[in-house]
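Participant: First residue of the first sequence: 30, per the working numbering; consecutive thereafter.
All residues carry an ideal CB built from backbone N, CA and C; glycine is no exception.
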Amino acid sequence: MALYKKDLLVYNTLKGVKERFVPVREDRVGMYVCGPTVYGEAHLGHARSAITFDIVYRVLKYLGYNVRYVRNFTDVGHLVADSDDGDDKVEKKAQAENKEPQEVAQYYEMMYLRATDALNCLRPNIMPIASGHIMEQIEVVKILMDKGLAYESEGSVYFDVEKYNDTVKKYGILSHRTLEDTLENSRELSGQQEKRNPFDFALWKKAPKEHIMKWDSPWSLGFPGWHLECTAMGRKYLGAEFDIHGGGMDLIFPHHDCEIAQSVGAFGDMPAKYWLHNNMITIEGKKMGKSYNNFITLTEMFNGSHPLLKQAYNPMTIRFFMLMAHYRSTLDFSNDALIAAEKGLARLMEAKAKVGTLKESKESSFDVHKIINDALDAVCDDFNTPIMIAHLFELCKHINSVADNKETITKEDKEFLQTSLDAIVEDILGLKDEKGGNDTQVIDGLMSLVMDMRAEARSNKDYATSDKIRDALKELGIEIKDSKDGATWRLM
RNA sequence: GGUCUCUUGACCGAGUGGCUAGGUGCCGGUCUGCAAAACCGUUUACUCCAGUUCGAAUCUGGAAGAGACCUCCA
30 MALYKKDLLV
40 YNTLKGVKER
50 FVPVREDRVG
60 MYVCGPTVYG
70 EAHLGHARSA
80 ITFDIVYRVL
90 KYLGYNVRYV
100 RNFTDVGHLV
110 ADSDDGDDKV
120 EKKAQAENKE
130 PQEVAQYYEM
140 MYLRATDALN
150 CLRPNIMPIA
160 SGHIMEQIEV
170 VKILMDKGLA
180 YESEGSVYFD
190 VEKYNDTVKK
200 YGILSHRTLE
210 DTLENSRELS
220 GQQEKRNPFD
230 FALWKKAPKE
240 HIMKWDSPWS
250 LGFPGWHLEC
260 TAMGRKYLGA
270 EFDIHGGGMD
280 LIFPHHDCEI
290 AQSVGAFGDM
300 PAKYWLHNNM
310 ITIEGKKMGK
320 SYNNFITLTE
330 MFNGSHPLLK
340 QAYNPMTIRF
350 FMLMAHYRST
360 LDFSNDALIA
370 AEKGLARLME
380 AKAKVGTLKE
390 SKESSFDVHK
400 IINDALDAVC
410 DDFNTPIMIA
420 HLFELCKHIN
430 SVADNKETIT
440 KEDKEFLQTS
450 LDAIVEDILG
460 LKDEKGGNDT
470 QVIDGLMSLV
480 MDMRAEARSN
490 KDYATSDKIR
500 DALKELGIEI
510 KDSKDGATWR
520 LM
């Protein structure tokens, strides 16, 4: 299925450089991505992460790897920042909405999946939830206790960062900061008297009386710590060392550094070989996020209901907008940029649809293979989708020129172009035509009738009728384009 | 305060020590009964200052501005 076998370069946060991707095992690739915390609706930032790693997944598959893709839903354990009482976000939301925590979590899980489906992100092979893996997490805590890397205090268990740092491995290798830095700059947070050091993090947290999400453990009735789920579930589904661990850049510290410390402390191995992180979506230059309360949800994007939106944007526009920027750059939201993406995507898709109709010649006036090859090189160079897309637009220009009889293409090149474009646009970039619906057959039939009638009116120079048809269709959201070879139409 | 990153044309956004990224917009043209669309072409770019170099937007130093992480976060 792969057109070419290529080397893949990935930027590894751990090393701080791009390096060649060499899987841990020859036969398959394991990828774990930190998914959303399900206490609220998915926003544009979640979409970026989902799309980034969807591209990673698609490229790996395209290159012929057998990939197991795991992405979790965090439904327990994320404590509210500004309180020291161990509130759980999902639980807090549940209390506010008078629902079961599981009900809240599941509601947002489904919403997230509907949104990522619409964005044409392939579903991961496994989507584990934290609350379904309490036993596994308790096991990790036990191992860390046995090794003396964790201590119990008032029914809670904390990871002993200093001991780990001194006896096992340096803490902070992913974020490239030293324990000294961390120590100097840790803020004074309340509720830290249980810990030996302010930078120690919870592995198990004793639940306050009114807490309803709690499980039995050797230490207390409580719930697992913030970072533990990924360690436990990653290992369970992908093994001791898997290939790729992904997530947003804001997870590098402390989340992924803590995960590394736990995993290495408990099992001795780095959980993953390559650590990939997508950058943030910004809005007016500021990071978009729930905590900042400046986010636009995907539902709002799809229906245009947010006050900052000039119009609704369909999911493919949003996907294309994100792919026009590199995943490690911040991407600033703006209506103008989204509209530009919408138009560019339409142009690309129309050119692609035109390939089959191109006239074949004895020679090609341009090098199809080179452009396709360049496009594939780009995406294999740390998933550089903007460059790949630039090459696709180069092809658009050639396709349009051939259609206009200004350039030529051979039968072989045309077939290659068709196959390659389908593979790149649909399989790798995951872009699809929005139009397809169940009633397309009926609409097509009706439209061909209407178009025939209009063509007849025009040939009789009955422009009053032909204009009336055109205007009425426009009101219905159907646009007519007249050309030399007859008229075509499209849904606007 | 500590650590780090960024600053590209009207807008978005790649990239590189020397060769037009690309998209959108604008303008010009082609097409057209008209219009729209489409297509083609064009368009004052690399924050500032100094240095290295035959040559820097790209490397080094400094300045200004912006941002991220240090706390839950995609």
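1. Return the first residue and the last residue of the beta strand (DSSP E) that Pro253 is part of.
2. Could you tell me if Asp36 is buried or exposed, where buried requires 16 or more neighbouring beta carbons within 10 angstroms of its beta carbon?
3. Please classify Asp272: does DSSP put it in a helix, a strand, or coil?
4. Specify, as a first and last residue, the run of the beta strand (DSSP E) that Lys234 falls within.
5. From the DSSP output, in three-state form, read off Gly277 for me.
6. Tell me the DSSP bridge mates of Tyr98?
7. For Val384, which residues from the same chain have a beta carbon less than 8 Å from its beta carbon, with the 5 sequence-adjacent residues on both sides left out?
8. Taking the Cβ atom as the reference point for each residue, do Asp189 and Asp146 lie within a distance shorter than 8 Å?
9. DSSP three-state call for Asp113: helix, strand or coil?
10. Who are the Cβ neighbours of His75 in its own chain at under 6 Å, not counting the five residues just before and after it?
11. In angstroms, rounded to a whole number, what distance separates the CA positions of Ala179 and Ser78?
12. Under 8 Å Cβ to Cβ from Val479, same chain only, skipping five residues before and after it: list those, please.
13. Suppose the cutoff is 7 Å on Cβ atoms and the five residues either side in sequence are ignored; what does the same chain contact list for Ile281 look like?
14. What is the DSSP secondary structure of Tyr180, reduced to helix, strand or coil?
15. When you compare only the Cα positions, how much space is there between Gly333 and Asn323?
16. For Leu505 and Leu520, what's the separation of their Cα atoms in angstroms?
17. List the DSSP bridge partners of Ala41.
18. Taking the alpha-carbon of Val397 as reference, which of Cys425, Val119, Glu379 has the nearest alpha-carbon?
19. DSSP three-state label for Arg519, please.
20. Please classify Arg87 as buried or exposed, where buried requires at least 16 neighbouring CB atoms within 10 angstroms.
21. Is the CB-CB distance between Glu120 and Met242 below 8 Å?
22. DSSP on Thr196, reduced to helix/strand/coil?
23. Per DSSP, what are the beta-bridge partners of Tyr303 in this structure?
24. Is the CB-CB distance between Ala144 and Ala71 below 8 Å?
25. Smallest Cα separation from Glu313: which of Arg348, Leu377, Asn364, Ile163?
26. Quick check: what's the CA-CA separation for Met262 versus Trp304?
27. Give the single residue among Asn413, Glu423, Val67, Ala369 whose Cα lies nearest to the Cα of Phe395.
28. Give me, in chain order, the residues of the same chain whose beta-carbon lies closer than 6 Å to that of Asp410; leave out the 5 immediate sequence neighbours on both sides.
29. Just to confirm before moving on: does the CB-CB distance between Phe102 and Met156 stay below 8 Å?
30. Closest to Asp456 by C-alpha separation, out of Leu89, Gly59, Glu55, Pro52, would be which residue?
31. Using the C-alpha atoms, what's the distance from Tyr193 back to Ser292?
32. Note down the Cα distance separating Met60 from Glu371, rounded to an integer number of angstroms.
33. Sort out for me which residues DSSP pairs Asp410 with in a bridge.
34. Would Glu270 and Gln166 qualify as a contact pair, given that the criterion is a beta-carbon distance under 8 Å?
35. Quick one: grab the DSSP three-state call for Ile438.
36. In angstroms, rounded to a whole number, what distance separates the CA positions of Asn402 and Lys319?
Facilitator: Put simply:
1. As a first step, residue 253 is located in the first sequence; it is residue number 224 there, counting from the start. Judged by DSSP secondary structure, Pro253 falls within the beta strand (DSSP E) whose first and last residues are 251-253.
2. Along the first sequence, one-based indexing puts residue 36 at 7. Exposed, by the Cβ-count rule.
3. Here residue 272 corresponds to residue number 243 of the first sequence, with the count starting at 1. If DSSP states are grouped into helix, strand and coil, Asp272 belongs with the strands.
4. Position 205 of the first sequence, counted from the start, is the residue given in the question as residue 234. From DSSP, the beta strand (DSSP E) with Lys234 extends over 230-235.
5. Along the first sequence, one-based indexing puts residue 277 at 248. Residue state, collapsed to three classes: strand.
6. Counting from one through the first sequence, the residue named residue 98 turns up at place 69. Answer is Met60.
7. For this step, residue 384 is matched to residue 355 along the first sequence. So the list reads Ile428, Lys443, Leu446, Gln447, Leu450, once near-sequence residues are dropped.
8. For this step, residue 189 is matched to residue 160 along the first sequence. For this step, residue 146 is matched to residue 117 along the first sequence. Result no, Cβ atoms of Asp189 and Asp146 do not sit closer than 8 Å.
9. For the purposes of this step, residue 113 is identified with residue 84 of the first sequence, where counting begins at 1. Because the pLDDT at Asp113 is just 45, under 50, the model does not fix this residue reliably, and the value given afterwards should be weighed accordingly. The answer is coil: DSSP assigns Asp113 none of H, G, I, E or B.
10. Counting from 1 along the first sequence, the entry for residue 75 is found at position 46. So the list reads Pro65, once near-sequence residues are dropped.
11. Within the first sequence, the letter at position 150 stands for residue 179. Within the first sequence, the letter at position 49 stands for residue 78. Those two C-alpha atoms are separated by around 32 Å.
12. By 1-based counting over the first sequence, the position of residue 479 is 450. Cβ within range, chain order: Ile498, Leu502.
13. Within the first sequence, the letter at position 252 stands for residue 281. Excluding sequence neighbours, Ile281 sits near Thr42, Leu203, Ser204, His306.
14. Position 151 of the first sequence, counting from 1, holds the residue named residue 180. Three-state result, Tyr180: strand.
15. Walking along the first sequence from the start, residue 333 turns up at place 304. Walking along the first sequence from the start, residue 323 turns up at place 294. Taking the straight line joining both Cα atoms gives about 16 Å.
16. Here residue 505 refers to the residue found at position 476 of the first sequence. Here residue 520 refers to the residue found at position 491 of the first sequence. Each residue's alpha carbon lies about 9 Å from the other.
17. By one-based count along the first sequence, residue 41 stands at place 12. Note on residue identity: the sequence assigns Asn, not Ala, to residue 41. For Asn41, which the question treats as bridged, DSSP gives the partners Val46.
18. Residue numbering aside, residue 397 sits at position 368 when the first sequence is read from its first letter. When C-alpha distances from Val397 are compared across Cys425, Val119, Glu379, the shortest belongs to Cys425.
19. Locating residue 519 in the first sequence gives position 490, counting from the first residue. In the structure shown, Arg519 sits in a strand (DSSP, three-state: E or B).
20. Residue mapping note: residue 87 aligns to position 58 of the first sequence, counting from 1. Under this definition Arg87 is a buried residue.
21. Taking the first residue of the first sequence as 1, we reach residue 120 at position 91. Taking the first residue of the first sequence as 1, we reach residue 242 at position 213. Yes. Within cutoff.
22. Start at 1 with the first residue of the first sequence, and residue 196 comes out as number 167. In the displayed model, Thr196 falls within a helix according to three-state DSSP.
23. As a working note, residue 303 is residue 274 in the first sequence. Per DSSP, Ile273.
24. Along the first sequence, read from residue 1 onward, the residue named residue 144 stands at position 115. Along the first sequence, read from residue 1 onward, the residue named residue 71 stands at position 42. Yes; because the gap between Cβ atoms is below 8 Å, this pair is in contact.
25. Translated into the one-based positions of the first sequence, residue 313 becomes position 284. Of Arg348, Leu377, Asn364, Ile163, the residue nearest in Cα terms is Asn364.
26. The count along the first sequence starts at 1 and reaches residue 262 at position 233. The count along the first sequence starts at 1 and reaches residue 304 at position 275. Rounded to the nearest angstrom, the two C-alpha atoms are 17 Å apart.
27. As a working note, residue 395 is residue 366 in the first sequence. When each option's Cα is compared against that of Phe395, the closest is Glu423.
28. By 1-based counting over the first sequence, the position of residue 410 is 381. Excluding residues within five positions, the ones whose Cβ falls inside 6 Å are Leu38.
29. By 1-based counting over the first sequence, the position of residue 102 is 73. By 1-based counting over the first sequence, the position of residue 156 is 127. Result yes, Cβ atoms of Phe102 and Met156 sit closer than 8 Å.
30. The count along the first sequence starts at 1 and reaches residue 456 at position 427. Considering only alpha carbons, the answer is Leu89.
31. Taking the first residue of the first sequence as position 1, residue 292 is located at position 263. Taking the first residue of the first sequence as position 1, residue 193 is located at position 164. For Ser292 and Tyr193, the distance between alpha carbons rounds to 11 Å.
32. For the purposes of this step, residue 60 is identified with residue 31 of the first sequence, where counting begins at 1. For the purposes of this step, residue 371 is identified with residue 342 of the first sequence, where counting begins at 1. C-alpha separation (whole angstroms): 31 Å.
33. Start at 1 with the first residue of the first sequence, and residue 410 comes out as number 381. Per DSSP, Leu38.
34. The residue given as residue 270 occupies position 241 in the first sequence. The residue given as residue 166 occupies position 137 in the first sequence. Taking the C-beta atoms as reference points, Gln166 is found no nearer than 8 Å to Glu270.
35. One-based indexing of the first sequence puts residue 438 at position 409. It is coil, neither helix nor strand.
36. Translated into positions along the first sequence, residue 402 becomes position 373. Translated into positions along the first sequence, residue 319 becomes position 290. Cα-Cα distance, rounded: 41 Å.
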